[in-house]
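A.B. asks: Supplied in structure tokens, the structure appears directly below.
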């Protein structure tokens with residue numbers, strides 16, 4: 001079951017928008033992006049005169065025109081890099097939107113552990129995971145860093161589904177062997193058992209995708225309180241032995257931080273717990289990092305570990321407001337996570353929107369006494385910046401910054417085709433049936449009147465866009481989602 | 001052009017969900033709601049055995065079965081009261097999502113005034129207003145309190161469109177006669193001119209809908225800084241003379257509050273400015289009220305004036321976090337406003353979602369030094385509470401609490417039919433085309449697996465729902481929107 005390949009070379013023609021740097025989008029119009037059979041971008045020809053130059057382009061690439069698929073776009077559509085969800089719990093997908101007024105620790109016991117435990121039933125797991133992967137693809141998520149459950153067959157099934165459906169993924173069997181922090185029916189038996197099961201799942205993924213071309217394992221200690229010292233130590237050693245990425249949670253909630261301090265009194269702060277076991281590597285993804293100290297941010301920067309910012313989750317379960325600018329200023333890489341189902345939405349676009357709004361909450365007058373007006377103003381993230389976090393920032397967080405996140409020669413083609421709705425001139429803006437008029441496409445809630453700049457169109461997409469605007473999605477050059 | 005009426009009586013059968021009180025939804029299943037030709041609810045028969053009892057019901061009502069339309073629902077669908085948008089600027093609709101990093105005062109000058117001024121062009125106004133009314137209807141907004149522009153013909157056109165498209169609306173010509181706070185081409189010439197134009201627009205609405213059965217004028221001083229004392233005084237007198245509702249802005253932004261203090265040094269606070277001119281009536285809608293003092297909240301409560309909470313706007317343009325619980329505790333009525341385009345979305349459901357999230361931001365640990373842990377916890381709004389604000393709360397704000405907001409005998413039938421997506425058992429949750437599989441309906445992003453309680457289904461709708469879930473919309477018993 002190797003990852004499927006394309007039979008033909010491809011040329012994508014139209015407008016391409018991607019991040020040049022943190023605060024700058026690049027707009028490439030009348031452009032041709034050439035993608036070879038392996039899914040790699042081999043040419044980006046800006047301001048290309050389509051009619052005249054395709055043959056020249058093919059001969060430069062040594063391509064035979066009869067073996068090239070050409071994808072043109074409609075007016076107003078544009079290609080954007082696929083989104084990268086750096087933190088999502090696939091088994092919690094059915095709970096999206098269900099959390100009441102809970103915060104982290106009671107939310108885990110009330111909603112999360114029972115749902116995760118129930119996915120031992122592989123029929124249920126197939127239904128939930130299949131839906132989750134399809135749904136995130138439909139929102140333009142081309143790469144996802146998944147937490148599965150403690151169960152190996154269900155974890156392996158998630159990896160199989162990602163491979164079959166064509167989503168780039170990191171799939172982690174969840175390690176949790178501290179019986180004081182888990183229900184009796186949902187806990188690893190021991191540190192040794194936890195490690196053995198983790199190795200089993202790694203072996204499965206290596207068997208189905210030997211080069212981790214699409215799907216990779218990721219070591220996944222749930223969070224410090226869930227794991228014994230022995231388990232954390234063994235996982236740190238496994239990270240060193242295999243070079244595999246690591247994902248876990250850090251400093252999400254004030255009560256959780258107090259709990260960590262009581263469980264690991266020897267460590268100088270939450271981040272230091274992981275560091276003590278060799279779990280802060282340049283390939284470590286730390287979800288949340290809301291309440292970090294200066295010393296902890298410095299430690300992350302030195303280790304090269306990255307942060308997955310999850311604004312929907314942090315707002316919904318009242319965890320706090322992560323200081324993204326503050327982290328970036330300290331040299332810590334940041335991407336976005338949906339954190340389903342602490343986060344209510346599987347959409348990275350929603351996470352980008354909320355990242356911008358949360359940064360405004362940090363900029364409000366009463367916030368953080370002691371922070372200067374200028375620093376509060378700087379906390380605000382722009383549309384350009386949250387789109388960077390959703391693409392290149394996320395790529396850096398999952399260690400794929402040279403392979404995905406932009407339209408550059410040498411990168412792989414992970415992309416989404418975006419189409420926005422145009423409000424007609426003629427009929428007074430009045431359509432009989434919103435949505436699917438003329439039996440045609442439903443372009444959702446982004447209304448373009450025609451006078452907007454490209455920057456304004458992108459802002460409208462970020463604020464009112466949804467999966468209806470994501471018309472097609474490609475991973476490694478392979479079409480993995482089409483909206484009728 | 002009187003408001004259209006239905007020719008026939010109607011029975012709606014199925015599940016009905018509405019607010020019983022602030023923190024409680026009532027679930028009425030197997031229920032029949034009977035609506036007469038005038039759009040009034042004349043019977044609510046809960047746990048109705050449809051087959052057996054319809055004839056009994058008709059004879060009780062004195063209805064002839066041949067003159068009744070029966071509306072049944074599909075499994076899983078439910079009726080919900082229409083949403084009430086207590087604050088929306090129709091002319092700003094094309095700017096939704098466009099605000100950069102601006103805050104109130106620069107946002108007005110950069111984005112808002114130029115767009116509003118341009119709608120003097122009635123062709124453009126028709127396109128924008130038509131789209132705005134259609135779009136808000138498609139999101140389930142059955143009542144909207146609109147700000148138009150200073151231009152009378154364009155304002156009258158908005159009223160005409162609401163009447164023709166069947167949306168219950170308050171339509172206000174914007175009064176702004178302070179030349180220091182407006183562009184030279186977008187300002188009333190004088191206080192007298194401002195009042196005369198306002199009377200013109202009132203006369204037009206009285207001509208098209210004499211009883212204000214569907215569309216009503218509303219006195220609309222933009223906000224204190226936009227108006228001279230003379231203008232505010234005349235508008236206060238007009239409110240007393242006509243008994244018409246009033247809408248304006250209050251205490252949105254810290255700089256704005258400083259500006260008001262400098263312009264009206266004689267008043268003891270922002271709310272007192274309006275009170276001094278007789279503009280705080282029981283029919284006054286005050287948008288935002290983010291930074292009120294105890295004295296101001298007390299003044300609003302004594303006057304019976306109400307607050308339109310606009311969480312999307314307050315977050316997006318960094319105004320602050322309005323303390324809804326604090327206002328309710330002080331006896332001030334609160335509803336929700338989208339505040340397009342300070343708010344980025346025309347959806348009241350999005351405003352409800354954001355109201356819940358903003359209340360979480362108020363509950364975060366570092367917030368508001370001096371507020372106790374218990375009070376912070378109390379600040380959180382539940383799913384039930386934000387849905388109350390979106391319906392009954394809004395009805396109270398616009399003075400329609402006895403006419404709309406719930407399914408009760410004597411109220412008018414303003415309702416939406418909600419349908420959620422059911423994830424199939426069979427195909428492993430994998431559908432080839434998300435969205436419009438089988439050429440059928442697109443149920444959007446709410447995924448129901450079948451094991452959820454009704455409370456959980458409603459929570460899923462609040463967090464992942466959008467206009468795709470609003471299948472049909474009725475105002476006064478008249479079908480005004482159908483999704484394919």
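Protein chains in written order, with the UniProt record's numbering: chain Z, 1 to 484; chain P, 1 to 484.
Note that the Cβ used here is the ideal one computed from N, Cα and C, for glycine as well.
1) Bridge partners of residue 234 (chain P), per DSSP?
2) Whole angstroms are fine: how far does the CA of residue 331 (chain P) sit from the CA of residue 16 (chain Z)?
3) Return yes when the Cβ of residue 235 (chain Z) is within less than 8 Å of the Cβ of residue 219 (chain Z), no when it is not.
4) Please list, in chain order, the chain Z residues whose beta carbon lies closer than 9 Å to that of residue 490 (chain P).
5) In terms of residues, what are the limits of the alpha helix (DSSP H) holding residue 128 (chain Z)?
6) Chain P partners of residue 464 (chain Z), CB-CB under 7 Å?
7) Which stretch, first to last residue, makes up the alpha helix (DSSP H) that contains residue 208 (chain Z)?
8) Within 10 angstroms of the Cβ of residue 445 (chain Z), are there 16 or more other Cβ atoms? Answer buried if so, exposed if not.
9) What residues from the stretch 467-478 of chain Z come within 8 Å of chain P, judged by C-beta to C-beta, listed N to C?
10) Residues of chain Z with CB closer than 8 Å to the CB of residue 449 (chain P), please, in chain order.
11) Go through its chain and collect everything with a Cβ distance to residue 296 (chain P)'s Cβ below 6 Å, but skip five positions before and after it.
12) Do residue 167 (chain P) and residue 480 (chain P) come within 8 Å of each other at the CB atom, strictly closer than that value?
13) Whole angstroms is fine: what's the gap from residue 148 (chain P)'s alpha carbon to residue 88 (chain P)'s?
14) Check whether the stretch 244-256 of chain P touches the stretch 285-292 of chain P, taking contact to mean three or more Cβ pairs, one atom from each stretch, closer than 8 Å.
15) Write down the C-beta distance between residue 194 (chain P) and residue 231 (chain P) rounded to the nearest angstrom, noting that I regard them as a contact closer than 8 Å.
16) Taking 7 Å as the limit between beta carbons, can you name the residues of its chain near residue 260 (chain Z), skipping five residues before and five after?
17) Which runs of the beta strand (DSSP E), 3 residues or longer, sit entirely within the stretch 238-268 of chain P?
18) Taking DSSP as the reference, what is the three-state secondary structure of residue 438 (chain P)?
19) Three or more beta-carbon pairs under 8 Å between the stretch 76-83 of chain P and the stretch 400-410 of chain P, yes or no?
20) From residue 6 (chain P) to residue 217 (chain P), what does the alpha carbon distance come to, in whole angstroms?
21) Which runs of the beta strand (DSSP E), 3 residues or longer, sit entirely within the stretch 289-342 of chain P?
22) I need the straight-line Cα distance from residue 152 (chain Z) to residue 107 (chain Z), nearest angstrom please.
23) Look at residue 221 (chain Z) and residue 283 (chain Z) and say whether their C-beta atoms are less than 8 Å apart.
24) Is the beta carbon of residue 169 (chain Z) less than 8 Å from the beta carbon of residue 144 (chain Z)?
25) Exposed or buried, residue 499 (chain Z), counting other C-beta atoms within 10 Å across all chains shown (16 or more means buried)?
26) Can you grab the Cα-Cα spacing for the pair residue 162 (chain Z) / residue 202 (chain Z), in whole Å?
27) Could you confirm whether any beta carbon from chain Z is found closer than 8 Å to the beta carbon of residue 442 (chain P)?
28) Please go through the same chain and pick out, in chain order, the residues whose beta-carbon is closer than 7 Å to the beta-carbon of residue 63 (chain P), but skip the five residues on each side of it.
29) Are there 16 or more other CB atoms within 10 angstroms of the CB of residue 464 (chain P), so buried, or fewer, so exposed?
30) Quick one: which chain Z residues come within Cβ less than 7 Å of residue 459 (chain P)?
31) On the DSSP bridge assignment, give the partners of residue 9 (chain P) in chain order.
32) Could you tell me the boundaries of the beta strand (DSSP E) in which residue 34 (chain Z) lies?
33) Which partner residues does residue 92 (chain P) have in the DSSP bridge list?
34) Nearest chain P C-beta to residue 382 (chain Z) closer than 8 Å, yes or no?
35) Show which residues of chain Z have a CB atom less than 8 Å away from the CB atom of residue 315 (chain P).
36) Assign residue 97 (chain P) to one of two classes, buried (16 or more other C-beta atoms within 10 Å of its C-beta) or exposed (fewer than that).
C.D. replies: On the basis of the data shown:
1) Paired residue(s): none; residue 234 (chain P) is not in a bridge.
2) 53 Å
3) yes
4) Look at the range of chain P in this structure, 1 to 484, and you will see that residue 490 (chain P) is not part of it.
5) Run containing residue 128 (chain Z): 122-138, per the alpha helix (DSSP H) assignment.
6) 96, 97, 344, 345
7) Residues 191-208.
8) buried
9) Residues 467, 468.
10) 94, 127, 128
11) Hits under 6 Å: 269, 271.
12) yes
13) 9 Å
14) Yes: at least three Cβ pairs fall under 8 Å.
15) 5 Å
16) 224, 225, 270, 273
17) 246-250
18) With a pLDDT of 45 at residue 438 (chain P), under the threshold of 50, the modelled position of this residue cannot be trusted, and the question is left open.
19) With the rule of 3 Cβ pairs closer than 8 Å, the stretch 76-83 of chain P counts as touching the stretch 400-410 of chain P.
20) 24 Å
21) 306-309, 334-336
22) 24 Å
23) Cβ distance not < 8 Å, so residue 221 (chain Z) and residue 283 (chain Z) don't count as in contact.
24) Cβ distance < 8 Å, so residue 169 (chain Z) and residue 144 (chain Z) count as in contact.
25) No answer is possible for residue 499 (chain Z): the residues shown for chain Z start at 1 and end at 484.
26) Distance between the alpha carbons of residue 162 (chain Z) and residue 202 (chain Z) is about 15 Å.
27) yes
28) 9
29) buried
30) 97, 98
31) Residue 9 (chain P) is bridged to P:68.
32) It spans 24-35 - the beta strand (DSSP E) in which residue 34 (chain Z) sits, taken as one unbroken run.
33) In DSSP, residue 92 (chain P) forms no bridge with anything.
34) yes
35) 357, 360, 361
36) buried
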